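The structure under discussion appears below in the form of structure tokens.
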Amino acid sequence: KNPILQSMVDFSDLMNEYAHAMWVDTYYKIAILMFLFYIVFLLTDNPTIVDFGYCTAHMAVGINLFIYYADYTDDLSITKIITLTLLAIWYLRLGGFILTTRVLKGHKDARYEELAQNKSRKVYFLINFQF
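Take 283 as the starting number for the sequence shown in my numbering and just add one per residue.
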């Protein structure tokens, strides 16, 4: 067997598996999560919640992929645990900062206010929260 061709096939299998894990197993969960953040936006009229939502979505993807690959491979390597730990530290640091200094204090981010001008505000933010 040609080792280069085999490595290409292995990489292709890995990418197919990753695409399945991301789009089939994860995307709908993140779409629901971000829709819940959109509901919070409607209740509070504070679009800054989307920044916290993005942090939370990244953490949710990391946890979901960690669980997916731990179940799929039956391998809980130290590398995977360190990666998830680093992601959790990042989430707590950035997500905590955004939550405590922006969202809970009702800070209105000028970026979002400016982007929403001359647009249907609720529809614009629904699209913004989903993509």
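The beta carbon of each residue, even a glycine, is placed where N, CA and C say it ideally should be.
As the structure is a prediction and not an experimental result, all values here were calculated from the model.
{"Check": "Quick check: what's the CA-CA separation for residue 389 versus residue 369?", "Outcome": "26 Å"}
{"Check": "Contact defined as beta carbons within less than 8 Å: I believe residue 334 pairs with residue 405. What is the distance between those atoms, to the nearest angstrom?", "Outcome": "At roughly 21 Å, the Cβ-Cβ gap does not stay under 8 Å, so residue 334 and residue 405 are not in contact."}
{"Check": "With C-beta atoms as the reference, is residue 339 less than 7 Å away from residue 312?", "Outcome": "yes"}
{"Check": "Leaving aside the five residues before and after residue 323 along the sequence, list all residues of the same chain whose C-beta is less than 8 Å from its C-beta, in chain order.", "Outcome": "329, 331, 332, 407, 411"}
{"Check": "With a CB to CB cut of under 8 Å and the five nearest residues on each side skipped, what residues in its chain are close to residue 391?", "Outcome": "329, 330, 333, 384"}
{"Check": "Since I believe residue 380 is in contact with residue 337 (beta carbons under 8 Å), could you give me their beta-carbon distance rounded to a whole number of angstroms?", "Outcome": "6 Å"}
{"Check": "Can you tell me whether residue 297 is buried or exposed, with buried defined as 16 or more other CB within 10 angstroms of its CB?", "Outcome": "exposed"}
{"Check": "Got a sec? Which residues, its chain only, sit under 6 Å from residue 372 by beta carbon, not counting five neighbours each side?", "Outcome": "none"}
{"Check": "Does DSSP put residue 377 in a helix, a strand or coil?", "Outcome": "helix"}
{"Check": "Do residue 308 and residue 343 have their C-beta atoms within less than 7 Å of each other?", "Outcome": "yes"}
{"Check": "Just to confirm the assignment, what range does the alpha helix (DSSP H) spanning residue 369 have?", "Outcome": "360-372"}
{"Check": "Compute the beta-carbon to beta-carbon distance between residue 347 and residue 303, rounded to the nearest angstrom, for a pair I have assumed lies under 8 Å.", "Outcome": "6 Å"}
{"Check": "Sort 315, 403, 299 by Cα distance to residue 350 and report the nearest one.", "Outcome": "299"}
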